[in-house]
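Below is one structure, written out as structure tokens; comments come after it.
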Amino acid sequence: MRITVLSGGVGGARFVLGVREWARRDAAARGLPEDAAHDIRVVVNTGDDWWLAGLRIAPDHDSLLYALSDQNDQQRGWGRRDETERVAAELQAWGVTPEWFTLGDLDLGVHIARTAWLREGTPLSEVYRRLGARWPLGVTLVPATETEVDTHVRTVDGQLMHFQEWWTRYRASLPATGFENTGVASAQPSAGAIEAIAGADVLLLAPSNPVVSLGPVLAVPGMREALRSASAPLVGISPVIGGRVVRGMADACLAAIGVQTDAAAIARHYGARSADGLLDGWLLAVEDAASVDGLTRAGIPTRAVPLWMRDADTSAALAGDAVALALHLG
Ligand code: GDP
Ligand code: CA
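Per our numbering, the very first residue in the sequence shown carries number 1055; after that it's consecutive.
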């Protein structure tokens, strides 16, 4: 089966790990080789990317890369394991990087490699391919778009600041009135994204931040049309459980675009495919089961399932529920 997931970073990576685990278990149950039964592609948000110290940083891609290659720091929740920060200390001493954004030494190696390739004119999708070739990831990562569409935040005082500053320096505490993806009007979906979407049997929206992770992916002109014209059913998974975001500060982003921190409100934000939206189906948490009937009547067939991704078992079960709903609807 060809499964394509649209994803952000840390939350998305947990879900993609679950999809890979589900696929491996399914293959084993059928007596097939681990990574041969299913073709998993991930369309990755590039809106978080930015330039720092002359380097191109790609947080969502790298979160996925490190999680899938088991190089991630599970305690801290971001970056590489066994990381050191000698170079970061030097960069901060020179005033080249702000004290609120630390680049680990191993992490810097990835940023330098990526930047070197980009400066030679290598397309971003080829950079993804090279970075992904080092470890057996079991999934293919493709950028949503090849060109730069960095997310900027419009704050209440009218300032426009890069998303990373708003998120990391101010911990999303400055009230925002909206988000803009600089350069998005002239962007287009990468060929890999189009191929992954058009060729999929199942399309999934990871339980990623709907505003700053999936928002920039969906804002690329042509992306929604590609999803809406795909033959595969599209199922989304709620990042909100019982009116709360599970990890992170997505509630601040939702508030800025006037969407409640609520599983049903997020489903309506994505919309029913039958009514100019994207969703053929929606998974929300058992804690939110009261919304199932209303959403289903509104054209978004919805199931309540365990939505906490605590470990390989719970993440694989959630992925299996998503695939099962998609196949049921397809
Ligand atoms: P980021 O790019 O690193 O911010 O990560 P994502 O945008 O991909 O994911 C962040 C979102 O994942 C947050 O809004 C969380 O609510 C959601 N999330 C994190 N862990 C879980 C979980 O165990 N279950 C569900 N349903 N959502 C989760
Ligand atoms: Ca992100």
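Glycine included, each C-beta is placed from N, C-alpha and C at the ideal position. All of these numbers come straight from a predicted model, not from anything done at the bench.
Quiz item: Can we count Arg-1068 as close to ligand 1, meaning its CB is less than 7 Å from some heavy atom?
Solution: yes
Worksheet item: Using the C-alpha atoms, what's the distance from Asp-1204 back to Trp-1104?
Response: 6 Å
Beta-carbon spacing of Arg-1351, Gly-1192 below 8 Å
no
To test your reading of the DSSP string, which unbroken alpha helix (DSSP H) runs of 4 or more residues are found completely within the segment 1261 to 1318? 1268 to 1273, 1277 to 1283 and 1304 to 1310
Checklist entry - Within 7 Å: the Cβ of Pro-1360 and any heavy atom of ligand 1? => result no
Q. From Ala-1077 to Gly-1085, what distance separates their C-alpha atoms?
A. 12 Å
Length of the line joining the Cα atoms of Met-1363 and Ala-1250 | 25 Å
Measuring only from the beta carbon, is Pro-1113 closer than 7 Å to any heavy atom that is part of ligand 2? yes
Under 7 Å: does the beta carbon of Val-1289 sit that close to some heavy atom of ligand 1?
no
Review point. For the alpha helix (DSSP H) that contains Glu-1075, what are its first and last residues?
Key: 1064 to 1083
Would you report the Cα separation of Ala-1286 and Arg-1140, rounded to the nearest angstrom?
48 Å
Q. Is Asp-1102 near ligand 1, in the sense that its beta carbon is under 7 Å from a heavy atom of that ligand?
A. yes
For this session: Just tell me which of Asn-1126, Ala-1230 and His-1115 has its CA closest to the CA of Leu-1178.
Result: His-1115
- prompt: With a Cβ-Cβ cutoff of 8 Å, do Gln-1242 and Gly-1276 count as a contact?
  reply: yes
- Have a look at Pro-1268 and Tyr-1324 and give me their C-alpha separation to the nearest angstrom. As written in the sequence, residue 1268 is Leu, which differs from the Pro given in the question. Roughly 10 Å between the two C-alpha positions.
Problem set entry | Whole-angstrom distance between Gly-1384 and Ser-1117, CA atom to CA atom | 31 Å
Thinking C-alpha only, which one of Gly-1232, Asp-1211 and Val-1207 is nearest Trp-1220?
Val-1207
Q.
I'd like to know whether the C-beta atoms of Arg-1282 and Arg-1223 end up nearer to each other than 8 Å.
A. no
**Report entry** Local conformation of Leu-1228 per DSSP, three classes
**Finding:** coil
Notebook entry, point to check: DSSP on Thr-1236, reduced to helix/strand/coil?
Noted result: coil
Can you tell me whether Pro-1152 is helix, strand or coil according to DSSP? coil
Skipping 5 residues on each side, what residues in its chain have a beta carbon closer than 7 Å to that of Arg-1110?
Asp-1103, His-1165, Arg-1168, Thr-1169 and Leu-1172
Does the distance from the C-beta atom of Val-1196 to that of Ala-1247 stay below 8 Å?
-> yes
**Buried versus exposed, by CB contacts within 10 Å (16 or more), Pro-1087** = exposed
Original post:
Just to confirm, are Val-1256 and Ala-1380 a CB contact at a threshold of 8 Å?
Top reply: yes
Q. Do Gly-1133 and Gly-1158 have their CB atoms nearer than 8 Å?
A. yes
From this set, Leu-1060, Leu-1332, Val-1064 and Met-1303, which residue's C-alpha is nearest Arg-1225's C-alpha? Met-1303
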